[in-house]
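Q: The structure follows.
Numbering (the working numbering), first residue to last: 948 to 1028.
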């Protein structure tokens, strides 16, 4: 896997906050990946993971461009000081 294909986790927490972060990333033309193990488990017929907890990933190469916005967003919603 080359660097362009590597992903990095940028957030783990409530889906509502992850969706807000996703919207801001999309505004920057960054396409994030949301992984919801609990919902995937329900779809498959068994429950795993924590309800309403998701993980948000972006490509490693986009991290530098997104970092300031991510920090500002998490500070704005009081997830980070």
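Note that CB positions come from ideal geometry on N, CA and C, so glycine has one too.
#1: Measuring only the C-alpha atoms, how far is residue 960 from residue 981?
#2: Does the beta-carbon of residue 1023 have 16 or more other beta-carbons within 10 angstroms, so that it is buried, or is it exposed?
#3: What residue range is occupied by the uninterrupted beta strand (DSSP E) comprising residue 1024?
#4: Sort out for me which residues DSSP pairs residue 1001 with in a bridge.
#5: Spatial neighbours of residue 952 within its chain, please: C-beta separation below 8 Å, excluding the five flanking residues on both sides.
A: From the atom records:
#1: Here residue 960 is taken as the residue at index 13 of the chain shown, counted from 1. Here residue 981 is taken as the residue at index 34 of the chain shown, counted from 1. If you take the alpha carbons of residue 960 and residue 981, they lie about 11 Å apart.
#2: Here residue 1023 refers to the residue found at position 76 of the chain shown. With fewer than 16 other Cβ atoms within 10 Å, it is exposed.
#3: The sequence position of residue 1024 within the chain shown is 77, counting from 1. Per DSSP, residue 1024 is not a residue of any beta strand (DSSP E), being assigned neither H nor E.
#4: Residue 1001 sits at position 54 when you count from the first residue of the chain shown. Beta-bridge analysis with DSSP links residue 1001 to 960.
#5: The count along the chain shown starts at 1 and reaches residue 952 at position 5. 1006, listed in sequence order.
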